[in-house]
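Participant:
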Amino acid sequence: MSDKFISIENIARRYPKPGGGETTIFENLWLSMARGEFVCVIGHSGCGKTTVLNILAGLDSPSDGTVIVDGQAIGGPSLDRAVIFQSHALLPWRTVIGNVAYAVASKHRGWSQAQINAHAQRFIDVVGLTGAEHKRPAELSGGMKQRVGIARALSIEPKIMLMDEPFSALDALTRGTLQDEVRRICLTTGQTVFMITHDVDEAIYLADKVVLMTNGPGAVIAEIVDNPLPKTRARADVHKHPLYYAVRNHIIDFLVARSKSFDKGAAYDPRNVTVVRPGVAPDDGYPPLEGEARRAQRAGVG
Amino acid sequence: MTLSLSLRAAIVSIALFVAFLLVWQVAVSGTGPAATMDPEYAKLMGVTATQGKSAMPGPLEVGAKLWEQLKNPFYDKGPNDKGLGIQLGFSIARVLTGYLLAVLFAIPVGFLIGMSPLMSRALDPFIQVLKPISPLAWMPLALYTIKDSSLSAIFVIFICSLWPTLINTAFGVANVRKEWLNVAKTLEVGTLRQAFTVILPAAAPTILTGMRISIGIAWLVIVAAEMLVGGTGIGYYVWNEWNNLSINSVITAILLIGVVGMLLDLMLARLTRLVTFPE
Numbered sequence: 170m171s172d173k174f175i176s177i178e179n180i181a182r183r184y185p186k187p188g189g190g191e192t193t194i195f196e197n198l199w200l201s202m203a204r205g206e207f208v209c210v211i212g213h214s215g216c217g218k219t220t221v222l223n224i225l226a227g228l229d230s231p232s233d234g235t236v237i238v239d240g241q242a243i244g245g246p247s248l249d250r251a252v253i254f255q256s257h258a259l260l261p262w263r264t265v266i267g268n269v270a271y272a273v274a275s276k277h278r279g280w281s282q283a284q285i286n287a288h289a290q291r292f293i294d295v296v297g298l299t300g301a302e303h304k305r306p307a308e309l310s311g312g313m314k315q316r317v318g319i320a321r322a323l324s325i326e327p328k329i330m331l332m333d334e335p336f337s338a339l340d341a342l343t344r345g346t347l348q349d350e351v352r353r354i355c356l357t358t359g360q361t362v363f364m365i366t367h368d369v370d371e372a373i374y375l376a377d378k379v380v381l382m383t384n385g386p387g388a389v390i391a392e393i394v395d396n397p398l399p400k401t402r403a404r405a406d407v408h409k410h411p412l413y414y415a416v417r418n419h420i421i422d423f424l425v426a427r428s429k430s431f432d433k434g435a436a437y438d439p440r441n442v443t444v445v446r447p448g449v450a451p452d453d454g455y456p457p458l459e460g461e462a463r464r465a466q467r468a469g470v471g
Numbered sequence: 128m129t130l131s132l133s134l135r136a137a138i139v140s141i142a143l144f145v146a147f148l149l150v151w152q153v154a155v156s157g158t159g160p161a162a163t164m165d166p167e168y169a170k171l172m173g174v175t176a177t178q179g180k181s182a183m184p185g186p187l188e189v190g191a192k193l194w195e196q197l198k199n200p201f202y203d204k205g206p207n208d209k210g211l212g213i214q215l216g217f218s219i220a221r222v223l224t225g226y227l228l229a230v231l232f233a234i235p236v237g238f239l240i241g242m243s244p245l246m247s248r249a250l251d252p253f254i255q256v257l258k259p260i261s262p263l264a265w266m267p268l269a270l271y272t273i274k275d276s277s278l279s280a281i282f283v284i285f286i287c288s289l290w291p292t293l294i295n296t297a298f299g300v301a302n303v304r305k306e307w308l309n310v311a312k313t314l315e316v317g318t319l320r321q322a323f324t325v326i327l328p329a330a331a332p333t334i335l336t337g338m339r340i341s342i343g344i345a346w347l348v349i350v351a352a353e354m355l356v357g358g359t360g361i362g363y364y365v366w367n368e369w370n371n372l373s374i375n376s377v378i379t380a381i382l383l384i385g386v387v388g389m390l391l392d393l394m395l396a397r398l399t400r401l402v403t404f405p406e
């Protein structure tokens with residue numbers, strides 16, 4: 170990859186075992202992301218996805234290795250990297266605008282209250298919360314709370330957005346709406362996003378690349394799925410795209426079977442894991458697509 | 128027709144109160160002449176001996192006394208005859224001084240303990256030993272070193288108000304949700320600003336609860352402390368009236384001590400509600 174806006178280099182996380190020795194959650198992790206790229210990480214619980222995200226956020230540090238963002242090794246949390254927390258993590262004693270303004274004031278220390286509020290208001294409008302500025306988080310629905318979380322992250326205009334299963338606590342309808350909004354905002358602003366999810370459809374809809382991690386302990390990146398769906402995909406018909414099920418089945422096959430049995434083998438190079446485009450380049454040594462996926466692929470390519 | 132719960136509760140409360148007054152009145156009313164005796168001797172002995180009348184005043188007498196005291200709470204006829212308002216004022220002033228000093232000390236120290244695991248461990252043995260000491264046990268030491276009885280009472284209030292606020296502050300600060308701290312961290316908020324904008328509001332309900340317990344204890348202790356140091360205050364008044372064998376005044380004072388304690392608690396409860404946030 171030529172543009173290495175974010176480069177995760179050989180990071181590992183180990184914890185001391187109670188009886189002595191160490192447990193390795195993951196190791197030998199290399200991943201690079203280009204500017205404006207939307208990357209989703211999928212893997213079973215316990216593979217260390219959240220730890221990777223926390224390391225990127227600067228809230229945690231790796232046992233080995235470094236992370237380089239925009240040419241600089243990270244050494245702690247930064248306003249360049251905004252985090253959207255799974256639990257939204259709003260400050261309950263502040264109003265909606267108070268929560269967003271808190272982030273704005275942290276970024277722009279010298280601004281007047283009026284400037285801060287105007288800036289915060291702009292991002293509250295972006296996430297569609299106009300009119301709810303003076304409500305407290307307790308008065309908001311789960312979806313609205315997460316919108317505030319998104320507005321807060323956007324308001325500091327970060328280089329990267331880190332999302333830790335941001336929609337997993339929401340109902341399916343709200344989740345869909347918020348996915349649309351995040352996709353719209355990211356496309357218009359060219360935001361670089363690193364997102365953790367358990368939802369395969371969410372990953373396919375949002376991501377340019379889906380990183381598949383094997384099960385922990387000792388998790389590694391098994392492969393990277395390069396999303397072959399067009400950038401202009403829309404929620405209404407994304408699932409009708411001929412390649413959709415090829416991608417979906419590939420990821421689900423991985424989660425169900427290969428994430429457990431993934432054999433690194435001699436050819437496995439952690440610095441250069443295989444990039445697959447399911448349905449587009451089928452003969453790359455991976456199991457051939459079966460049934461519906463093959464039909465879909467035929468319909469799409471042929 | 129069903130009455131609202133609070134109305135029904137009020138009716139039961141009033142009924143219980145009336146029943147209590149009746150039992151009280153019956154219990155203390157005289158049983159008639161106890162024995163025939165020489166009128167001169169009877170005059171000397173008073174109604175208690177001659178008519179079997181209890182020395183305990185009835186509710187009507189206490190009511191009359193209370194009314195008399197409330198009508199003129201601030202009179203001052205020398206050191207042993209001051210209005211209840213003045214005596215309560217002295218006690219409240221002492222309690223508030225000692226209590227506010229304790230809060231000013233306990234909240235920063237509690238912050239330190241809550242934020243620093245090192246200080247938490249280092250100070251823990253001191254707190255564990257000092258906390259269970261009855262505040263009055265400090266009185267001789269305070270009198271010896273401070274050499275002023277009124278200041279010693281304030282010191283005793285200080286020391287007894289300290290612990291609940293200190294411990295609750297430390298607990299509240301140490302248990303601020305990690306995600307809120309992470310928000311501050313990812314926004315590069317400095318330690319001081321984080322303490323004021325995240326930890327303080329998050330821990331405020333717990334801190335205020337500690338302060339509420341503290342003021343309750345302070346009000347309990349002031350009565351005992353003033354009985355010891357004497358001079359002024361409601362505790363001194365109670366003991367002085369006991370020495371005068373004026374049970375009526377003692378009961379009146381007890382009633383007012385209860386009411387003031389309730390008002391202090393109510394004030395802190397109101398403050399707690401102000402800083403409590405719904406989640």
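So the protein sequences, as listed, match chains P and X.
Heads up: take any position in the first sequence, counting from 1, add 169, and you land on this note's numbering.
Heads up: take any position in the second sequence, counting from 1, add 127, and you land on this note's numbering.
Just so you know, even glycine gets a beta-carbon here, dropped at the ideal spot from N, CA and C.
With a threshold of 9 Å between beta-carbons, can residue 258/P be considered close to chain X, or not?
Facilitator: Yes - at least one Cβ of chain X is within 9 Å of the one on residue 258/P.
Participant: Is it right to say residue 140/X is buried, meaning 16 or more other beta carbons lie within 10 angstroms of its own, or is it exposed?
Facilitator: It is exposed - the Cβ of residue 140/X has fewer than 16 other Cβ atoms within 10 Å.
Participant: Counting contacts by CB-CB distance shorter than 9 Å, is residue 228/P in contact with chain X?
Facilitator: It does; some Cβ of chain X falls within 9 Å.
Participant: Buried or exposed: residue 337/X, going by 16 or more other Cβ atoms within 10 Å of its Cβ?
Facilitator: Classification for residue 337/X: buried.
Participant: Rounded to whole angstroms, what is the Cα-Cα separation between residue 130/X and residue 396/X?
Facilitator: When rounded, the distance between both Cα atoms is 28 Å.
Participant: Tell me, please, which residues DSSP counts as bridged to residue 386/X.
Facilitator: DSSP lists no partner for residue 386/X.
Participant: What residues from the stretch 303 to 315 of chain X come within 7 Å of chain P, judged by C-beta to C-beta, listed N to C?
Facilitator: Listed in sequence order: 306, 307, 309, 310, 312, 313, 314, 315.
Participant: Enumerate in chain order the residues of its own chain whose CB-to-CB distance from residue 388/P is below 6 Å, with the five nearest sequence positions on each side excluded.
Facilitator: Taken in chain order, the residues that qualify are 195, 216, 217, 382.
Participant: Which whole-angstrom value describes the C-beta separation of residue 349/X and residue 362/X, a residue pair presumed to lie in contact below a C-beta threshold of 8 Å?
Facilitator: 6 Å between Cβ atoms; contact.
Participant: For residue 373/P and residue 403/P, what's the separation of their Cα atoms in angstroms?
Facilitator: Distance between the alpha carbons of residue 373/P and residue 403/P: 11 Å.
Participant: In angstroms with no decimal places, state the Cα-to-Cα distance between residue 300/X and residue 265/X.
Facilitator: If you take the alpha carbons of residue 300/X and residue 265/X, they lie about 29 Å apart.
Participant: Does the stretch 217 to 225 of chain X come close enough to the stretch 282 to 294 of chain X to have 3 or more Cβ pairs within less than 8 Å?
Facilitator: Because the criterion of three Cβ pairs below 8 Å is met, the stretch 217 to 225 of chain X and the stretch 282 to 294 of chain X touch.
Participant: CB-CB under 8 Å to residue 488/P, same chain, minus the five flanking residues each way: which ones, in chain order?
Facilitator: No statement about residue 488/P is possible, as the shown extent of chain P runs from 170 to 471 and does not include it.
Participant: Residues of the stretch 335 to 359 of chain P in Cβ contact with chain X at a cutoff of 9 Å, in chain order, please.
Facilitator: Here the close residues number zero.
Participant: Does the Cβ-Cβ distance between residue 283/P and residue 269/P come in under 9 Å?
Facilitator: The answer is no: Cβ separation not under 9 Å.
Participant: For the alpha helix (DSSP H) holding residue 230/P, just list the boundary residues, first then last.
Facilitator: Taken as a continuous stretch (DSSP letters only), residue 230/P belongs to no alpha helix (DSSP H), as it is neither H nor E.
Participant: For chain B, check one thing: does any of its Cβ atoms lie closer than 9 Å to the Cβ of residue 306/P?
Facilitator: Looking for chain B here will not work: the only protein chains present are P and X.
Participant: So, with DSSP's three-state summary, where would you put residue 389/P?
Facilitator: Here residue 389/P sits in coil by DSSP.
Participant: Where does residue 361/P sit, in a helix, a strand or coil, going by DSSP?
Facilitator: Residue state, collapsed to three classes: strand.
Participant: Under 9 Å, Cβ to Cβ, is there at least one residue of chain P near residue 139/X?
Facilitator: It does not; no Cβ of chain P falls within 9 Å.
Participant: For residue 325/P, count the other beta carbons within 10 Å of its own beta carbon; 16 or more makes it buried, fewer makes it exposed. Which is it?
Facilitator: Residue 325/P should be labelled buried.
Participant: Rounded to the nearest angstrom, what separates residue 237/P and residue 365/P at their Cα positions?
Facilitator: For residue 237/P and residue 365/P, the distance between alpha carbons rounds to 19 Å.
Participant: Sorted by chain position, which residues of the same chain lie with C-beta nearer than 6 Å to residue 209/X's C-beta, five sequence neighbours on each side aside?
Facilitator: Excluding positions up to five away in sequence, the list reads 203.
Participant: When you compare the stretch 251 to 261 of chain P with the stretch 322 to 342 of chain P, are there three or more beta-carbon pairs, one atom per stretch, that lie closer than 8 Å?
Facilitator: Taking 8 Å as the limit for Cβ pairs, the verdict is that the stretch 322 to 342 of chain P does touch the stretch 251 to 261 of chain P.
Participant: Alpha carbon to alpha carbon, what distance is there between residue 301/P and residue 294/P?
Facilitator: Near 10 Å, if we compare the C-alpha coordinates of residue 301/P and residue 294/P.
Participant: Tell me whether residue 261/X is buried or exposed, calling it buried when 16 or more other Cβ atoms sit within 10 Å of its Cβ.
Facilitator: Result: exposed.
Participant: If you drop the 5 nearest sequence neighbours on each side, which residues of the same chain put their C-beta closer than 6 Å to that of residue 470/P?
Facilitator: A caution first: residue 470/P carries a pLDDT of 41, below 50, which makes its placement in the model unreliable, though a value can still be read off. Here the set comprises nothing.
Participant: Report back the beta-carbon spacing between residue 335/X and residue 398/X to the nearest angstrom; my notes put them in contact at under 8 Å.
Facilitator: Between residue 398/X and residue 335/X the Cβ distance is about 6 Å, and since that is below 8 Å, they are a contact.
Participant: At the level of alpha carbons, what is the spacing between residue 425/P and residue 419/P?
Facilitator: Looking at the two C-alpha atoms, the distance is approximately 10 Å.
Participant: Helix, strand or coil for residue 372/X per DSSP?
Facilitator: Looking at residue 372/X - three-state DSSP - the assignment turns out to be coil, as it is neither helix nor strand.
Participant: Kindly list, in the order they appear in chain X, the residues whose Cβ is closer than 8 Å to that of residue 254/P.
Facilitator: The contacting residues are 306, 309, 310.
Participant: Could you pull the start and end residues of the alpha helix (DSSP H) that residue 234/X belongs to?
Facilitator: Here the alpha helix (DSSP H) through residue 234/X covers 211 to 242.
Participant: I want to verify the contact list: residues of chain P whose CB lies under 7 Å from the CB of residue 328/X, in sequence order.
Facilitator: Those within 7 Å of residue 328/X in chain P are 262.
Participant: Could you tell me whether any Cβ in chain P is nearer than 9 Å to the Cβ of residue 300/X?
Facilitator: Cβ-Cβ to chain P under 9 Å: no for residue 300/X.
Participant: So if I threshold CB-CB distances at 9 Å, which residues from the stretch 178 to 212 of chain P count as touching chain X?
Facilitator: Within the stretch 178 to 212 of chain P, no residue has a Cβ that lies closer than 9 Å to any Cβ of chain X.
Participant: Taking residue 431/P as part of the beta strand (DSSP E), name the residues at either end of that continuous run.
Facilitator: Counting along the chain, residue 431/P falls outside any beta strand (DSSP E), and DSSP gives it neither H nor E.
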